[in-house]
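Asker: First the structure, which I've put down as structure tokens, then a few questions once you've had a look.
Chains as they are written, first to last, in this note's numbering: chain P, 10 to 264; chain R, 27 to 588.
Dropping the structure here:
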């Protein structure tokens, strides 16, 4: 395609990172094994077959449907997998990704997904083998920092709490721990069920690296609107003003 | 740019919550001490545990056990902090702000549900023109005396009737009010809501001009009746006792058709319900929370009457009333159930956070645009006020991690920041639609800056919201005062409705109006005999939380002692 989408305005690191995430142009930082990803997700025993909710599409004799002919099923849909999920919590303290950008990444770059966006968590639901793959992409990439982001299916208010002294995002269920080797380990799955074996999620980003890779605007890193008494609007804020004004005027319609 | 104020009112509250000399700005915390304490760090949770132990024996079935939380991990893995009721010295535990534990909150809602306003003029016309009876101040005083005997549940006409125990219904009363000063002068003080005495002179004149020389009754039926039945009962109970009182006071025939006219007036033609009836899918009668419009909610709160010089304070008290009623009781219990909704609301009326944010915005606007209600109502001004206020708010959450921790959910933060902008825009422009426009822009700025906002539906409502602010289409574009919890786009979302009530009041507070939507409602809730503290909502909640508030509707009088 000759056209390169302009996903987000601004030349700050936060703006650039937002564009990268939306475009799926993600740097791979680590390699967590498939088995470990499956263990933390907690939907099935690592190595077990995928449970299915219907026979493979090829065996079902699908109706003659132009939409079905146009849209190639994802591997999970073709196999009849269950729909399962992975959900991430991102700290307000310069986590590399943030809920809406997780959703934008998923909606733009992944097929067959149902992303849901909240303040403390972001969920992606998809056919099981598909969500396995998407989750691995996330956890291996710069969207994920083992200290500042965490797979959490529930109890996610740690996103807005102060960090632990060792830099880990607070978690009342203590799903992760900092190892003596400097790596972060999951000792529970995303809903807090203890794991048989700890999963090594790798080393946290340093504070400087997190500040560089983050997509959140903060007044003490990349400011969205300057600071009190010294306002300078980011290009993203200027674009947002435009959107709001247009929406307000469009609603007026006195005809 | 205007002069910048940074009062940081919330710092004192945070110091009280987290402890004196606590580093409120530190981004890292040592949570370890709290991991061992769990719920036992909270006196209230300890009280719950003890109470449950005693009750389980009686009940013969298990009850409260905090170790059942999260598969065996109790709350209190971090510091369980108390809440300071904004602008007051009351500090209570979070549990004390659940409406079940707070009798003042219950009474606030009871005071609304048990109230209807009934016009006197239509009844007087029937009496004079149809029945040829003489209506004078003396007959009205006699009627009101009988009515205050009958309304609590006493008989006035028939023999051998059962009656209610006065000790169970002593909160019930009926007072009249009128725009006719001459008539008001003739009414016995005990039966009059004196507009001239209760309101500042300019507000009294505005109210009397709006209601003309009409006369009204503020009917507050017994709390115990409305708690046993529902809001729809209020006008029926009221109409029955009013009709019987007319029969007694004016020596009418109990069976004549004119009585039906009086009853019809009391039930339909001359009655103002506090809440409209809801459609079948929400299945509530009149005088239930889902039908209480934002404008009525604004008028029930009486801060405007006692602190007319402080528009943000007026608005913040309406926010407090609205969030408790709409979030904690309506959405949190009627429509949903459970405990989670409480803390959407508490964020709006505790720890002086919304106060600080709102005063910041207002100070900025006053300095830049001149005074309350004087800023032009333009998109440019709304954009300026809202952007400055939201960015200030976000910066406080960033600079004070303990503040962020206090508002640990995005919906709390989103509602508070947007409310501060709504209050600011309302107070400065005097327009509730401008306030609403600021509310929506604030949400968008928050979402764009932090890449997160509230929850699924919360975000949906606010991201599409700007289009309904100035819409001319009837089902989209009502003035904010006329919208309510059942407005199409507002019906499902916690963390909004109380704030809408507050920001609609902000516009009128900024203009110096005596009321937001209905002068009759404003006067009725000035009734000094109402039990809840309608002039200071947060104080009332604090009294309830501190167990200093005695509510009505209790049955202890007719039950064996515990």
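All C-beta atoms in this analysis are idealised placements derived from N, C-alpha and C, irrespective of residue type, glycine included.
As the structure is a prediction and not an experimental result, all values here were calculated from the model.
Determine the direct distance from the alpha carbon of residue 506 of chain R to that of residue 426 of chain R, and round the result to whole angstroms.
Answerer: Going by the C-alpha atoms only, they are around 33 angstroms apart.
Asker: List in chain order: all unbroken alpha helix (DSSP H) runs of 4+ residues lying wholly within the region 122-197 of chain P.
Answerer: Runs of the alpha helix (DSSP H) inside the region 122-197 of chain P: 137-149.
Asker: How would you call residue 446 of chain R, buried or exposed, if buried means at least 16 neighbouring beta carbons within 10 angstroms?
Answerer: Under this definition residue 446 of chain R is a buried residue.
Asker: Give the straight-line distance between the Cα atoms of residue 332 of chain R and residue 569 of chain R, rounded to the nearest whole angstrom.
Answerer: Cα to Cα, residue 332 of chain R sits roughly 19 angstroms from residue 569 of chain R.
Asker: So what does DSSP say about residue 95 of chain P, is it helix, strand or coil?
Answerer: It is a strand residue.
Asker: Assign residue 320 of chain R to one of three DSSP states: helix, strand, or coil.
Answerer: Note: residue 320 of chain R maps to helix in three-state DSSP.
Asker: Starting from residue 482 of chain R, trace the beta strand (DSSP E) in both directions and tell me its first and last residue.
Answerer: Counting along the chain, residue 482 of chain R falls outside any beta strand (DSSP E), though it belongs to the alpha helix (DSSP H) covering 482-489.
Asker: Look up residue 216 of chain R in the DSSP assignment and say whether it is helix, strand or coil.
Answerer: Reduced to three states, the DSSP call for residue 216 of chain R is helix.
Asker: Is there a Cβ from chain P that is less than 8 angstroms from the Cβ of residue 592 of chain R?
Answerer: Chain R is shown only over 27 to 588; residue 592 of chain R falls outside these bounds and no answer can be derived.
Asker: For residue 31 of chain P, count neighbouring Cβ atoms within 10 angstroms of its own Cβ and tell me buried if that reaches 16, exposed if not.
Answerer: It counts as buried.
Asker: For chain R, check one thing: does any of its Cβ atoms lie closer than 8 angstroms to the Cβ of residue 24 of chain P?
Answerer: It does not; no Cβ of chain R falls within 8 angstroms.
Asker: Going along the region 227-249 of chain P in order, which residues come within less than 8 angstroms of chain R, judged by CB to CB distance?
Answerer: Residues 227, 228, 229, 233, 234, 235, 236, 237, 238, 240, 242, 245, 246 and 249.
Asker: I want to know whether the region 60-70 of chain P touches the region 32-40 of chain P - three or more CB-CB distances under 8 angstroms.
Answerer: Because the criterion of three Cβ pairs below 8 angstroms is not met, the region 60-70 of chain P and the region 32-40 of chain P do not touch.
Asker: Count Cβ pairs between the region 120-135 of chain R and the region 68-75 of chain R that sit closer than 8 angstroms; are there 3 or more?
Answerer: Touching, yes.
Asker: Any residues in the region 430-462 of chain R with a beta carbon nearer than 7 angstroms to a beta carbon of chain P? Which ones, in chain order?
Answerer: Answer in chain order: 430, 431, 434, 435, 436 and 437.
Asker: If we cut at 8 angstroms on Cβ distances, does residue 173 of chain P have a partner in chain R?
Answerer: True, the Cβ-Cβ gap to chain R drops below 8 angstroms.
Asker: Excluding the 5 residues flanking residue 274 of chain R on each side, which residues of the same chain have their C-beta closer than 8 angstroms to its C-beta?
Answerer: Here the set comprises 172, 176, 182 and 183.
Asker: Using only the alpha-carbon positions, how far apart do residue 469 of chain R and residue 482 of chain R sit?
Answerer: If I take the Cα positions, the gap works out to 14 angstroms.
Asker: Considering only the alpha carbon of each residue, which of R:244, R:303 and R:424 lies closest to residue 143 of chain R?
Answerer: Here the closest residue by C-alpha is R:244.
Asker: For residue 203 of chain R, which three-state DSSP category applies?
Answerer: It is a strand residue.
Asker: Could you name the residues of chain P that residue 379 of chain R contacts, counting a contact when the two beta carbons are closer than 7 angstroms?
Answerer: The premise fails here: residue 379 of chain R is roughly 14 angstroms from chain P at the closest Cβ pair, so nothing lies under 7 angstroms.
Asker: Report yes or no: is there a C-beta of chain R within less than 8 angstroms of the C-beta of residue 287 of chain P?
Answerer: Nothing about residue 287 of chain P can be reported from this structure: the residues present for chain P run from 10 to 264 only.
Asker: By DSSP, does residue 145 of chain R sit in helix, in strand, or in coil?
Answerer: Of the three classes helix, strand and coil, the one that applies to residue 145 of chain R here is strand, per DSSP.
Asker: By alpha-carbon positions, which one of R:254, R:235 and R:161 ends up nearest to residue 194 of chain R?
Answerer: Of the candidates R:254, R:235 and R:161, the one whose C-alpha sits nearest the C-alpha of residue 194 of chain R is R:254.
Asker: Could you check which residue in R:111, R:452 and R:80 has the C-alpha nearest to that of residue 408 of chain R?
Answerer: The candidate whose alpha carbon is nearest that of residue 408 of chain R is R:452.
Asker: Where residue 365 of chain R and residue 371 of chain R are concerned, what is the direct C-alpha to C-alpha distance, given to the nearest angstrom?
Answerer: Roughly 11 angstroms between the two C-alpha positions.
Asker: Mind checking residue 237 of chain R: buried by the 16 CB within 10 Å criterion, or exposed?
Answerer: So residue 237 of chain R counts as buried.
Asker: Cα separation between residue 103 of chain P and residue 145 of chain P?
Answerer: Using only the alpha carbons, I get a separation of about 21 angstroms.
Asker: Is the Cβ of residue 95 of chain P closer than 8 angstroms to any Cβ of chain R?
Answerer: Not closer than 8 angstroms to any Cβ of chain R, the Cβ of residue 95 of chain P fails to qualify, so no.
Asker: Counting only beta-carbon separations shorter than 8 angstroms, does residue 166 of chain P have a partner in chain R?
Answerer: Closer than 8 angstroms: yes.
Asker: Give every residue of the same chain whose Cβ lies closer than 7 angstroms to the Cβ of residue 450 of chain R, excluding the five residues on either side of it in the sequence, and list them in chain order.
Answerer: Closer than 7 angstroms at Cβ, skipping near neighbours: 384, 387, 388, 391, 411, 415 and 464.
Asker: Cα-Cα, which of R:413, R:363 and R:336 is closest to residue 398 of chain R?
Answerer: Residue R:336 is the option with its Cα nearest to residue 398 of chain R.
Asker: Note down, one range per segment and in chain order, each beta strand (DSSP E) of at least 3 residues found wholly within the region 91-163 of chain R.
Answerer: As far as the region 91-163 of chain R is concerned, its whole beta strand (DSSP E) runs of at least 3 residues are 141-145.
Asker: By the 8 angstroms beta-carbon criterion, what residues does the region 52-67 of chain R contribute toward chain P?
Answerer: Those would be 52, 53, 54, 55, 56 and 57, in chain order.
Asker: Which same chain residues end up closer than 6 angstroms to residue 308 of chain R when comparing Cβ atoms and leaving out the 5 residues on each side of it in sequence?
Answerer: Counting only Cβ-Cβ distances below 6 angstroms, and skipping sequence neighbours, we find 316.
Asker: Anyone know if the C-beta pair for residue 88 of chain R and residue 375 of chain R falls short of 8 angstroms?
Answerer: Contact: no.
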